[in-house]
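Undergrad: End of the sequence shown sits at 1393 in my numbering; the numbers just go up one at a time, nothing left out.
Backbone N, C-alpha and C define an ideal beta-carbon position, used for all residues, glycine too.
If you scroll down you'll find the structure; I have some questions about it.
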Amino acid sequence: MESSVRPSIRPLVTNTRIMFGLLPGLGSLIVLRMAIHLYRPELEDAEHRVRDYPFDQLYDCYDFIIVGGGSAGSVLANRLSENPDWNILLLEAGQDENVLSEVPVLFPVLQTSSIDWKFVTEPSRDYCLSMIGNQCKWPRGKVLGGSSAINAMLYIRGNRHDYDNWAKMGNTGWSYAEILKYFLKAEDMRIPEYQNDPYHSVGGPLTIEHFRFEQPITKKILEAAQQLGYGVLDVNGKYQTGFTRSHATVRDGLRCSTAKAYLRPVSKRQNLHISVHSLVEKVLIDENKNAYGVKFTKHGKTRIIKTSKEVILSAGAIQSPQLLMLSGIGDIKELKEVGIYPIVHLPGVGKNLQDHVALGGHSYLFDNPFTNGSDYCFNLNTVFSITSLTDFVFQKVGPLYSMMEAEAMAFVNTKYQDPLEDYPDIQLFIAPTADNMDGGLFGKRANGITDEVYAELYEDILYQSSFSIVPLLLRPKSRGFVKLRDSNPFSPPRIYPNYYSEPEDILRVIEGARFVQELVEQPALQELNARPNPNRNPGCMDYEFMSDEHLECQARHHSLTIYHPVGTCAMGPMHNLEAVVDPRLRVYGVQSLRVVDGSIMPKIVSGNTNAPIIMIAEKASDMIKEDWAEDKTGVHCSVTNYKRADEEPQTQRNNSIVHDLFNETANLFDYLSDKDPLSLASDKTEASTTERSYASQNAISKKKPYTPYSSLQDYEPMNPQYFYPYNWFSQYTPNYLWSNHLDLEPSYSNEVNTVGYSPISNNPLGYIPQPCNNIIIKQSYHFNHGNHRKNHCKLWLYFDGMNYRIHL
586 MESSVRPSIR PLVTNTRIMF GLLPGLGSLI VLRMAIHLYR PELEDAEHRV
636 RDYPFDQLYD CYDFIIVGGG SAGSVLANRL SENPDWNILL LEAGQDENVL
686 SEVPVLFPVL QTSSIDWKFV TEPSRDYCLS MIGNQCKWPR GKVLGGSSAI
736 NAMLYIRGNR HDYDNWAKMG NTGWSYAEIL KYFLKAEDMR IPEYQNDPYH
786 SVGGPLTIEH FRFEQPITKK ILEAAQQLGY GVLDVNGKYQ TGFTRSHATV
836 RDGLRCSTAK AYLRPVSKRQ NLHISVHSLV EKVLIDENKN AYGVKFTKHG
886 KTRIIKTSKE VILSAGAIQS PQLLMLSGIG DIKELKEVGI YPIVHLPGVG
936 KNLQDHVALG GHSYLFDNPF TNGSDYCFNL NTVFSITSLT DFVFQKVGPL
986 YSMMEAEAMA FVNTKYQDPL EDYPDIQLFI APTADNMDGG LFGKRANGIT
1036 DEVYAELYED ILYQSSFSIV PLLLRPKSRG FVKLRDSNPF SPPRIYPNYY
1086 SEPEDILRVI EGARFVQELV EQPALQELNA RPNPNRNPGC MDYEFMSDEH
1136 LECQARHHSL TIYHPVGTCA MGPMHNLEAV VDPRLRVYGV QSLRVVDGSI
1186 MPKIVSGNTN APIIMIAEKA SDMIKEDWAE DKTGVHCSVT NYKRADEEPQ
1236 TQRNNSIVHD LFNETANLFD YLSDKDPLSL ASDKTEASTT ERSYASQNAI
1286 SKKKPYTPYS SLQDYEPMNP QYFYPYNWFS QYTPNYLWSN HLDLEPSYSN
1336 EVNTVGYSPI SNNPLGYIPQ PCNNIIIKQS YHFNHGNHRK NHCKLWLYFD
1386 GMNYRIHL
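Put into structure tokens, the structure is as follows:
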């Protein structure tokens, strides 16, 4: 279609029209809000709303402090407060939910609102090229419920292979067979045909339904999928490959966030205190590497609150690593660059960033035969009509109950994926609308599309009947990272998603777009004369329309985040140098500190991430309860004076209970917890001092728990490619090391100040090398291991080319 507007003034026309369009749009929201207050007061749920605990009434100490009241934090607060003997503090930087956030059709309005952190990626020359400043917007919920309160409400568990692969990476307990029960524990399935299915359950806190409003074009797209040979099935069931009406976290047609599902039902518990508008600045860590509390700010006032058991970070994949780094936990070099005193060297913090990236900017026009009032197709002129508002308020029906971005979805295979595996590599979001149909008020604003791009693509086809099918890459190979902007906790971190840095990613996305084109060519849609929008992105004019080059250009320009950042505090076994937490989600190198949110995923799941994050929190709650089941101290928060790790005087709890004590051998590591391993190696007087210390029965009787050590310094003259100071067996006893043959790993001979580090032989119990001047620490000790009994074991330290290791 030829435009009647000169190209040079199209952006001005677009901008002016959108500005004028905002006024009636805002007016509609005001009317809707007033109508809900007057005629649907049950949506306000005033009786069960969370109470914001007054700043000056908060306790000085809690058993558990949860940082972040989002998808994971809300679950933890509910489950941990089930124990009436535990006092729980939940700190949330945002506010309580707004009642308008419950209306499904308004989900794009929530992005860039007051309940969004409004993060943006750093400028790029390889992606997000159609966005203002070449920066993609990355919405994250700044509200109770977190991103579950502003997302598209889609409920997808991922693929069974995702979790089995986690387990194969060394994450014991995370296979699909082991985590399925936590999906079931959370779920209240209200789709009738799935209620008796073994892959689903009823009665859990999180309600799952179909979106209440379905538009006719969606049914035609599902019909086309069947013509292409795909089934319409339960993608959260036995198989994932296929199409489905979207499963959604909605209750009676309205959003069911984790705040609604998990916090409101327990808002009256006396042992659960919730403080909103409370931004945590750092985790406080003492000189023994124990997390003992947090420092936070609320309404301009700052306070320190301590914990007797644990600090749990559930701030999400952007802010959990940010908080770790602000607290001195991360890559030493990067911490020093922004002036933060390093306490624990964990180079994986902020790394391994993964996100589902999609190819946007495509609309498919069709000849619309559906003319039954507002049901025919999404359009702002009809959605916010008086009829629609009255239908929503009085009849509880109508387009305000719709999810215009994804009424249906699919999981399909490209030519790069074996279809027999049931492990699709592309997900499709099937929308009965497109960006041209909202006049730029929703999609353009939410994604930060420039006026020039929007005008070129859509100004000619505004409000014409259209749909969109957006392909996204399920398992990207590309990895990004998050790093601090500075040492100010109020500064947003720098986000580098590195979309398409791996060539394979762009190839799969192109194939996803090709699949969409094939789907549109099926008879069910050709009956409606479905066809792609012929307008092109202005940055891709040099390429033949729909060629591989054009699709790659479109992908790099119209790069859409699907709001699924994960992986920045990755879970992994101790020998994985990029791991930040162990399989029980405890931060390596620090006691009493866990991370529980999407950041712990070692690899992104094949689908939307909200449901897996809720599963992670359910599982973590059980693990925490198990780990503290034997806590019989009865001591909760008494404090003594101490010296903090970063040299600032504070107070420390005196009942230092840790995750994994070495039981009777714990005292043997007492001395090591406070010593630099290299200083032990380079100073023989230290070795003799250690030997004398542990020969003393008084030392044996201390029963002080082992505190893992992580190096804080850049050592010389150690060769940097061999020296990666990491955790000293922070989670594993010698029994574990021997039974898993970790003591059999070969080691490199190295020298530091003429002191050698010798390898271990293949003897299952190890071998003390001769001459003994290579032994760093010596102490007679009796140790039972299975059928073996080894007397006079030597406690010694060696370097295996990657880590310092302790051996009995």
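1) Quick one: complete alpha helix (DSSP H) runs, 4+ long, within the stretch 882-912?
2) Would you kindly work out how many angstroms separate the C-alpha atoms of Phe828 and Arg797, rounded to a whole number?
3) Anyone know if the C-beta pair for Ile1015 and Met994 falls short of 8 Å?
4) Okay, do the stretch 861-874 and the stretch 708-723 touch, 3+ Cβ pairs below 8 Å being the bar?
5) From which residue to which residue does the alpha helix (DSSP H) around Tyr1039 run?
6) Just to check my reading of the structure: Ser1191 and Leu1059 have Cβ atoms closer than 8 Å, yes? What is that Cβ distance to the nearest angstrom?
7) Give every residue of the same chain whose Cβ lies closer than 7 Å to the Cβ of Leu920, excluding the five residues on either side of it in the sequence, and list them in chain order.
8) Just to confirm, is the Cβ distance from Gln642 to His862 under 8 Å?
9) Only counting the same chain, and skipping five residues up and downstream in sequence, which positions put a Cβ closer than 7 Å to that of Ile903?
10) How would you label Tyr1001, buried or exposed, when you count the other beta carbons within 10 angstroms and need 16 or more for buried?
11) Confirm, please, whether the CB-CB distance from His785 to Glu772 is below 8 Å.
12) Helix, strand or coil: which one does DSSP assign to Arg745?
13) Hey, Gly789 and Lys770: beta-carbon distance below 8 Å or not?
14) Taking Arg1415 as the reference, give the member of Glu1203, Asp1090, Thr1153, Val688 with the closest Cα.
15) Any idea if Ser973 is buried or exposed, counting beta-carbon neighbours within 10 angstroms, 16 or more meaning buried?
16) To the nearest angstrom, how far is the alpha carbon of Glu992 from that of Lys891?
17) Could you have a look at Phe1075 and say whether DSSP puts it in helix, strand or coil?
18) Find the nearest neighbour of Glu895 within the set Leu691, Leu674, Lys936, judged by alpha-carbon distance.
19) In its own chain, which residues sit with a C-beta less than 6 Å from the C-beta of Ile917, not counting the 5 before and 5 after it?
20) If contact is defined by three or more beta carbon pairs under 8 Å, each pair taking one atom from either stretch, is the stretch 869-884 in contact with the stretch 832-847?
21) Below 8 Å, can you find three or more Cβ-Cβ pairs linking the stretch 1136-1144 to the stretch 933-947?
22) Do the stretch 1163-1173 and the stretch 621-630 meet, that is, are 3 or more Cβ pairs less than 8 Å apart?
23) According to DSSP, which residues form a beta bridge with Met994?
24) Candidates Ser699, Leu614, Glu763: which alpha carbon is nearest Met1208's?
25) As a quick exercise: from Ile925, Glu1163, Gly1157, Asn683, pick the residue whose alpha carbon is nearest that of Arg1169.
26) Excluding sequence positions up to five away, which residues of its chain have a Cβ less than 6 Å from the Cβ of Asp637?
27) Anyone know if the C-beta pair for Val1181 and Ser899 falls short of 8 Å?
28) Straight-line CA distance for Phe955 to Ser1050?
29) Between Leu1113, Gln1102, Tyr1148, which lies nearest to Met1131 when the distance is taken from Cα to Cα?
30) Looking at C-alpha atoms only, which residue of Val934, Pro1123, Met1200 is the closest neighbour of Ala1155?
31) So Tyr1043 and Asp1020 are in contact, right, with Cβ under 8 Å, and what is the actual spacing, rounded?
32) Taking buried to mean at least 16 other C-beta atoms within 10 Å of its own C-beta, is Ala631 buried or exposed?
33) Taking the Cβ atom as the reference point for each residue, do Pro669 and Asn856 lie within a distance shorter than 8 Å?
34) Tell me which residue opens and which closes the beta strand (DSSP E) that Leu675 is part of.
35) Which class does Tyr949 belong to by DSSP, given the choice of helix, strand or coil?
36) In this structure, how does DSSP classify Glu1211 when only helix, strand and coil are distinguished?
TA: Walking through what the data contain:
1) Scanning the stretch 882-912 for uninterrupted alpha helix (DSSP H) segments of 4 residues or longer gives 901-911, listed from N- to C-terminal end.
2) 18 Å
3) yes
4) no
5) 1036-1043
6) 4 Å
7) Met910, Gly913, Pro927
8) No, they are not a contact pair.
9) Phe704, Arg725, Val1067, Pro1078, Ile1080, Pro1150
10) exposed
11) yes
12) Here Arg745 carries a helix assignment [DSSP, helix/strand/coil].
13) Yes, they are a contact pair.
14) Absent from the structure is residue 1415, since the part of the chain shown begins at 586 and ends at 1393.
15) By the Cβ neighbour-count rule, Ser973 is buried, with 16 or more other Cβ atoms within 10 Å of its own.
16) 46 Å
17) coil
18) Leu674
19) Pro927, His930
20) no
21) Three or more pairs of CB atoms, one per stretch, sit closer than 8 Å, so the stretch 1136-1144 contacts the stretch 933-947.
22) With a cut-off of 8 Å on Cβ pairs, the stretch 1163-1173 is not in contact with the stretch 621-630, counting fewer than three such pairs.
23) Thr829, Phe1014
24) Considering only alpha carbons, the answer is Glu763.
25) Gly1157
26) Val861
27) yes
28) 10 Å
29) It is Gln1102 whose Cα lies nearest to the Cα of Met1131.
30) Val934
31) 6 Å
32) exposed
33) yes
34) Run containing Leu675: 673-676, per the beta strand (DSSP E) assignment.
35) strand
36) For Glu1211, the secondary structure class from DSSP, reduced to helix, strand or coil, is helix.
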